[in-house]
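Residues in the sequence shown are numbered from 17 upward in steps of one, following this note's numbering. Inspection log for the structure reproduced underneath, given as structure tokens.
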Amino acid sequence: MHLGQDLLYLSQSDVAAVGLTMAEIIAALEAMFREKAEARVEMPPKIGIHPAPDAFIHAMPASIPAQKAAGIKWVSGFPENSKRGLPYVTGVLILNDFETGIPIALMDATWITAQRTGAATALSAKYLARPDSATIGILGCGLQGRSNLKALHVLFPLKKVFAYDTHPDRAASYAQESAVQFGIEAIPVTDPKQAIVNSDIVVTAGPILRKPHATIQRGWLPEGTFASLVDFDSYWHPAALHEADKFCTDDVPQLHHYRDLGYFQNIPPIHADLGELVTGRKPGREKPAERTIACNLGLALDDMATAPLIYERALENGIGTWLPL
Ligand SMILES: NC(=O)c1ccc[n+]([C@@H]2O[C@H](COP(=O)([O-])OP(=O)(O)OC[C@H]3O[C@@H](n4cnc5c(N)ncnc54)[C@H](O)[C@@H]3O)[C@@H](O)[C@H]2O)c1
Numbered sequence: 017m018h019l020g021q022d023l024l025y026l027s028q029s030d031v032a033a034v035g036l037t038m039a040e041i042i043a044a045l046e047a048m049f050r051e052k053a054e055a056r057v058e059m060p061p062k063i064g065i066h067p068a069p070d071a072f073i074h075a076m077p078a079s080i081p082a083q084k085a086a087g088i089k090w091v092s093g094f095p096e097n098s099k100r101g102l103p104y105v106t107g108v109l110i111l112n113d114f115e116t117g118i119p120i121a122l123m124d125a126t127w128i129t130a131q132r133t134g135a136a137t138a139l140s141a142k143y144l145a146r147p148d149s150a151t152i153g154i155l156g157c158g159l160q161g162r163s164n165l166k167a168l169h170v171l172f173p174l175k176k177v178f179a180y181d182t183h184p185d186r187a188a189s190y191a192q193e194s195a196v197q198f199g200i201e202a203i204p205v206t207d208p209k210q211a212i213v214n215s216d217i218v219v220t221a222g223p224i225l226r227k228p229h230a231t232i233q234r235g236w237l238p239e240g241t242f243a244s245l246v247d248f249d250s251y252w253h254p255a256a257l258h259e260a261d262k263f264c265t266d267d268v269p270q271l272h273h274y275r276d277l278g279y280f281q282n283i284p285p286i287h288a289d290l291g292e293l294v295t296g297r298k299p300g301r302e303k304p305a306e307r308t309i310a311c312n313l314g315l316a317l318d319d320m321a322t323a324p325l326i327y328e329r330a331l332e333n334g335i336g337t338w339l340p341l
């Protein structure tokens, strides 16, 4: 590597081949959220363009001085892509040298986005879910459905997953795959309620919509359950959300920003952000019967906590292609 002369290009398969584990990503995010709680990071609000309804392309810069991390992710989400057999979320990430600002790596960000979002759910669950949580309901059996289960499996003694997807074949193949990968019982269900009423943990990961489809009704979420809203409040009837004893997020200003754009028009008061939970400034779960919710919006900081680890390990293992600057 010659600073200022070339940069390391890492394709999606290169990024995956680096072999960063979910446990490592969860730990990196926890360290980053401690920094965030001390206001020692920089992350301007997401800016973006919206070429189609409910579609976005966002610019997500961030810096974490303690991790010598600086860079930007340029990420898109197009709900109609799945009809064309294309991924909903795709993107690239540029990593800059922390001392000079010079670009040092360009990498696919699809893998990072999936993994760090799962890791953020698991980190929230560490503070908000019952430690003995054993059953989980996944609504939306795509990339996030997979990475969220993978991350939660690192921290919880999961025994059974209920899988729901509007495409029953996707729920079926997800269940088959999860049973093999994690050695747990996996049950595809055809009614979203079946994925919720017997679960200790619920993850909703369908499309993000400005106007929620509000499928989940009051009375469905059992006492003692933790829910992660990867797709914002899209899945939830406001009355169901208001059953939560603690509603948390990863970044309050970002949530307010989305609210100004028309999302989150009827949500409970925010109990804590994730930095406050990991530093103990605000309590996580206090009683077994509490219903807790994390609505993590996905932060540039999550990506920037993860990308340098991938870069360093790629260097160590000679993975990637050098491109002239
Ligand atoms: N909060 C964050 O940090 C964050 C980060 C990345 C992605 N996301 C969001 O997560 C969601 C899932 O992303 P992905 O990459 O897994 O997409 P994906 O296309 O891989 O999977 C989405 C799945 O949801 C299914 N689906 C569609 N509508 C459904 C519904 N009403 N109920 C159940 N299933 C439904 C689809 O059939 C598909 O299998 C998207 O909304 C995306 O914007 C959030």
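Beta carbons are placed, not taken as given, at the ideal position from N, Cα and C, and that holds for glycine. In this text the structure is predicted, and so the values were computed from the model without any measurement.
Scanning its chain for C-beta atoms nearer than 6 angstroms, with the 5 sequence neighbours on each side dropped, one finds around V105 the residues G93 and T129, in chain order. Rounded to the nearest whole angstrom, the CA to CA distance from N112 to I118 is 5 angstroms.
Residue range V105 to N112 is occupied by the beta strand (DSSP E) that includes N112.
For E193, the uninterrupted alpha helix (DSSP H) segment begins and ends at P184 to F198. Relative to the non-hydrogen atoms of ligand 1, the Cβ of D181 comes within a distance shorter than 8 angstroms of at least one. Counted as a single uninterrupted DSSP element, the beta strand (DSSP E) harbouring I63 occupies residues I63 to I65. Taking 9 angstroms as the cut-off, the Cβ atoms of T182 and G134 do not count as close. Ranked by Cα distance from A211, the options E115, T241, L139 and V177 are led by V177. For T265, the uninterrupted beta strand (DSSP E) segment begins and ends at K262 to T265. Check the Cα spacing between Y143 and each of A125, T151, S98 and S244: the tightest is with S244. Taken from the Cβ of D249, every heavy atom of ligand 1 lies 8 angstroms or farther away. The alpha-carbon of H66 is positioned some 14 angstroms away from that of Y274. Runs of the beta strand (DSSP E) lying entirely within the region 295-332 and spanning at least 3 residues, in chain order: 308-311.
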